[in-house]
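Peer 1:
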Amino acid sequence: MATVPFLVLCACVLGLYHVEATPDTLSSADSSFCQGGLHVIYPELDIDKCLIIPKDREFREKVSTVWKAPQIYFTGARKGSGLKKAQIQGTTLTDYSPPTPPKKTGFHRYQFILFEQPPYGPLSLTEEESTRGKWDLRAFVSRFDLGEPVATVQFLTQNYKD
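Throughout the sequence shown, residue numbering follows mature numbering (1 follows the signal peptide of the UniProt record, and there is no 0), covering -21 to -1, 1 to 141 in sequence.
Pasting the structure below:
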């Protein structure tokens, strides 16, 4: 019997520091981060490539205060799978928290990273990792031998009042 790959989706915030970006353009490092066909879908915003959340149409405010957890869609998923239909099932290790960059701190990265989970054992977070500010993505990937991401996408945003 063939093993069925499991997928691990990690949504994380990287860095509480200023990101070099203008309101219209990404750095080359930020532009090259996105690969593999991962979509993050909010009610009025479909993020399928690296981008800066536009200030117009109040998107920055909506992504921080109005919209709930996005739907996740993966174009590389097998036909009929939950990820292909934006219907993810599994164990939630920590609940979604919307982007909340502090005022006057510039742009912050919000990254969604999809890994293929090895077929052995469940994933879990330590008590320290269960808070978003203490979570170490590299340590998590190493501990569960997740390897390289299958797909990645990110957006940059800043406090909507800036």
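The beta carbon of each residue, even a glycine, is placed where N, CA and C say it ideally should be.
Computed from a predicted model, the values in this text were never measured in an experiment.
Under DSSP, the beta strand (DSSP E) around Ala56 begins and ends at which residues?
Peer 2: First-last for Ala56: undefined, no H or E at that position.
Peer 1: So for Phe123, helix, strand or coil by DSSP?
Peer 2: Secondary structure at Phe123: coil, using DSSP grouped into helix, strand and coil.
Peer 1: With DSSP as the reference, identify every bridge partner of Ile20, one or two as the case may be.
Peer 2: Asp25, Gln50
Peer 1: Is any heavy atom of the ligand GDP found at a distance shorter than 7 Å from the C-beta of Ala56?
Peer 2: Ligands displayed in this structure: none; no statement on the ligand GDP is therefore possible.
Peer 1: Please identify the residue among Tyr139, Val129, Lys140, Leu24 whose C-alpha is closest to the C-alpha of Thr54.
Peer 2: Val129
Peer 1: Give a yes or no on whether the C-beta atoms belonging to Tyr139 and Arg39 are separated by under 8 Å.
Peer 2: Inclusion of Tyr139 and Arg39 in the CB contact set at 8 Å is warranted, their separation being smaller than that value.
Peer 1: In terms of DSSP beta bridges, what is Ile31 paired with?
Peer 2: Looking at the DSSP assignment, Ile31 forms a beta bridge with Leu135.
Peer 1: For a quick check, are the C-beta atoms of Asp9 and Leu135 less than 8 Å apart?
Peer 2: Contact flag set, yes.
Peer 1: Keeping to the same chain, check which residues put their C-beta closer than 7 Å to that of Val19; ignore five residues upstream and five downstream.
Peer 2: Hits under 7 Å: Ile26, Pro49, Ile51, Phe91, Val132.
Peer 1: Going by beta carbon distance, what residues of the same chain come within less than 8 Å of Leu125, once the five residues before and after it are set aside?
Peer 2: Val(-14), Phe94, Glu95, Gln96, Pro97, Phe119
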